[in-house]
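Heads up, the thing below is written out as structure tokens.
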Amino acid sequence: MNSSTNTYYIPFYGLFDYGYSSMIYLSSEIGQGGLIDTIAFYVTNTPSNYLMTDQRIYFKERAESAFYSSETSLPDTTTMTRVFKGNITFNGSGWHVLAPLVHVVYINTKITHCLPREVL
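In terms of numbering that gives the first Met the number 0, the sequence shown opens at residue 0 and continues consecutively.
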């Protein structure tokens, strides 16, 4: 979401089999409220038929606009809405769009916490 030239291995890092990453989207970044019916991630390298099995993506609204330094353990997914579960195949660079299993109504009053993770 920024214009830096740094490489970040989120939301997915295929070198390891298990892991998670967390992202916070501010209401100012998302815009007005409405239905979230797609999720997209921008891929900078050029994978060819790169399959990531059993991926899960969760959403949660939260009041905090940043993560606390004390948030070092796995997030509690029982308090989140699972919006995607399935395999993801990456082909080439650019935007890769996922259709979530559950659509989320975004009200534009809170922060959206997105948690892509592989099964742990």
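Don't be surprised by glycine CBs; every beta carbon is placed ideally from N, CA and C.
Three or more Cβ pairs closer than 8 Å define a contact, and the segment 25-32 falls short of that threshold against the segment 80-88.
If you draw a straight line from the Cα of Asn90 to the Cα of Thr45, it is about 7 Å long. Non-local C-beta neighbours of Asp36 in its own chain, meaning closer than 8 Å and more than five positions away in sequence, comprise Ala98, Pro99 and His102, ordered along the chain.
Cβ-Cβ distances below 6 Å link Gly93 to nothing in the same chain once the five nearest sequence neighbours on each side are left out. Taking all protein chains shown into account, Ile56 has 16 or more neighbouring C-beta atoms within 10 Å of its C-beta and is therefore buried. Per DSSP, Glu60 lies in no alpha helix (DSSP H); the unbroken beta strand (DSSP E) holding it starts and ends at Tyr49 to Arg61.
Per DSSP, Ile9 is not a residue of any alpha helix (DSSP H), being assigned neither H nor E.
Under the three-state reduction of DSSP, Thr77 is assigned to helix.
In the DSSP assignment, Leu25 falls outside any beta strand (DSSP E), carrying neither H nor E. Distances from the CA of Asp75 to each of Ser21, Lys84, Ile87 and Tyr8 were compared; the closest alpha carbon is that of Ser21.
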